[in-house]
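See structure below.
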Amino acid sequence: MMYIRKLDRYFGGELVKGFLLALFAFLIIFLSVTLNDAMKIETKEPKQFMYLYLITTIPSLIALSAPAAIMFSVCFTVAQFTNARELVAVFASGVSFYRAIAFILGFAFLVSVFLVAFQEFVVVPSNQLSTNYLAQYKKSSRKKLDVVWQRSFRGKQAFYFIQYLDPEKKEVHGGFHILFFEKNSNPLKPTRMIEAKTAKLVDNYDWQLQLARETFFNDDLSIRDVKLHVELPVHVTDSIDFFLRPRRDPQEMTLKELTEEIEALEADGFSATLYRVRFHSSIAFPFMCFIVAVVGSVAGNMGSLRSGGPLILSLLLSTATIFFYMLSIRIGQNLGENDIVSPFVAGWAATIIFGIIAIGLVIHHRR
């Protein structure tokens, strides 16, 4: 028993050092790319917003880098012990391969569980902050000033067309059109349309429209009446937050918030596919740490000992695994967001596929 504990400490110490080093290396790489993109923004805003944006993106970059860091650290740790014939000595003493790497697999599983909580309580709040800091930094950028703000979207009981919304003054300029419809009608039946030149927010749900034309429709969609107004107060069922951000970013929402958003959207007749995909992928992604640890452990113990075979093979397999996993995640999410596959398949497909590969490697590599 004492020998096994020493073995776990020995293997575990090398793994943890390798994991932290790989995580730091990936973090520096991703942070450098993010910094390079931020430096390209031409703005008059203080640089402190850019620095705060970079700092608040670190948690999401750590979560993104964790599976790759686990993969590389496990591969190199096991390959190093295989190359040095230390694993051969362990096998000769009667210890199986999977018992020898038990600490490695246990550590990877704990990282997976930790990553679920880390995403929920650290990554999501930091994503909200980074979005706000980036928006403040871009406020006076040339790209921001030159953009033509024009949106049309559906609310709870109306379709909206907005030419330009001033987020600070809460005013609409250039045109504000509202097409009300019967909520439970199928297909949706228009009842009233308002076309205004400008509008000003009075309360969270109330607007004061100027130079407005109000059109009423019959059941057969023929025009029943038309009224002109110099000013027209209008109450809508969507708050100002909806107009500023019609669609909440799923990356800025916890699992509980995603569930509530899905229920609210579907209750109002909206599609919640984007949020369902994010919900499933948020749960599935962390457990990739354990799967790549299994793949990396087996890969690190494969190959001939001549000329560093295990080390070379583990490097190739780890690089290919991470590349294809990231690629398959992106493809799955795109297919799910476009309703080509179900949200569950979009979120879990990559994890399940690589899980099957890991099981196949374990069966093939019995020791």
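Heads up, the sequence shown is in this note's numbering, so the first residue is 24 and it goes up one at a time. For glycine and all other residues, C-beta sits at the position ideal for the given N, C-alpha and C.
Check whether the Cβ atoms of residue i and residue j lie closer than 8 Å to each other.
i: Y76; j: S153; result: yes
i: P366; j: T296; result: yes
i: G178; j: Q186; result: no
i: C312; j: L128; result: no
i: I15; j: V315; result: Residue 15 lies beyond the stretch modelled for the chain, which goes from 24 to 390, so this question has no answer here.
i: S304; j: G370; result: yes
i: V101; j: G383; result: no
i: L232; j: L255; result: yes
i: L38; j: S96; result: yes
i: F203; j: P269; result: no
i: G355; j: A372; result: yes
i: L44; j: I81; result: no
i: F130; j: G41; result: no
i: V195; j: T221; result: yes
i: Y298; j: L281; result: yes
i: T66; j: S149; result: no
Assign residue i to buried or exposed, taking buried as 16 or more other Cβ atoms, counted over all protein chains shown, within 10 Å of its Cβ.
i: M276; result: buried
i: E284; result: buried
i: I379; result: exposed
i: I363; result: exposed
i: A287; result: exposed
i: L340; result: buried
i: F120; result: buried
i: V171; result: With a pLDDT of 46 at V171, under the threshold of 50, the predicted position of this residue should be treated as unreliable, and no value is reported.
i: G319; result: buried
i: Q71; result: exposed
i: A91; result: buried
i: F34; result: buried
i: Q173; result: exposed
i: A123; result: buried
Could you give the distance in angstroms between the alpha-carbon of residue i and the alpha-carbon of residue j?
i: T374; j: I352; result: 8 Å
i: D169; j: L84; result: With a pLDDT of 43 at D169, under the threshold of 50, the modelled position of this residue cannot be trusted, and the question is left open.
i: F114; j: V300; result: 44 Å
i: A290; j: P309; result: 30 Å
i: F302; j: L350; result: 19 Å
i: G359; j: Q274; result: 16 Å
i: L188; j: F266; result: 8 Å
i: F377; j: I335; result: 21 Å
i: M62; j: P69; result: 12 Å
i: I386; j: T57; result: 41 Å
i: F447; j: H200; result: This structure leaves residue 447 out entirely; the chain is present only between 24 and 390.
i: D272; j: Y156; result: 15 Å
i: V317; j: S116; result: 23 Å
i: E109; j: K29; result: 13 Å
i: V146; j: I345; result: 21 Å
i: A381; j: S135; result: 16 Å
i: M24; j: F47; result: Low confidence applies to M24: its pLDDT is 46, below 50, so where it sits in the model is not reliable enough to give any reading.
i: Q151; j: N209; result: 37 Å
i: E191; j: I64; result: 22 Å
i: P22; j: R247; result: Residue coverage of the chain in this structure runs from 24 to 390, which leaves residue 22 outside it and unanswerable.
i: F347; j: L234; result: 57 Å
i: A107; j: F141; result: 36 Å
Please determine, among the options, the residue with the shortest C-alpha to C-alpha distance to residue i.
i: A86; options: A381, G319, A307, L340; result: A307
i: F53; options: L350, A89, E143; result: A89
i: L224; options: I201, V257, L251, I246; result: V257
i: G292; options: N106, A222, A181, D31; result: A181
i: A125; options: A45, K40, D31; result: D31
i: S294; options: N361, Q103, S245, L244; result: N361
i: S245; options: N227, R215, A381; result: R215
i: A219; options: K206, P210, W230, E280; result: W230
i: S337; options: N59, K67, T105; result: T105
i: D264; options: S135, D226, A112, F47; result: D226
i: K193; options: E205, A48, F144, Y228; result: Y228
i: E9; options: D242, F141, Q103, A381; result: The displayed coordinates of the chain run from 24 to 390. Any statement about residue 9 would go beyond what the structure contains.
i: H388; options: F347, Q151, M325; result: M325
i: I217; options: V253, R122, A140, S208; result: V253
Could you tell me whether any non-hydrogen atom of the ligand SAH is closer than 7 Å to the CB of residue i?
i: L338; result: Absent from the structure shown: the ligand SAH. Ligands present: none.
Using a C-beta cutoff of 8 Å, does residue i count as contacting chain C?
i: V39; result: No chain C is present in this structure, which holds just one protein chain.
Decide if the segment 224–243 is in contact with the segment 156–163; the criterion is three or more beta carbon pairs, one per stretch, under 8 Å apart. no
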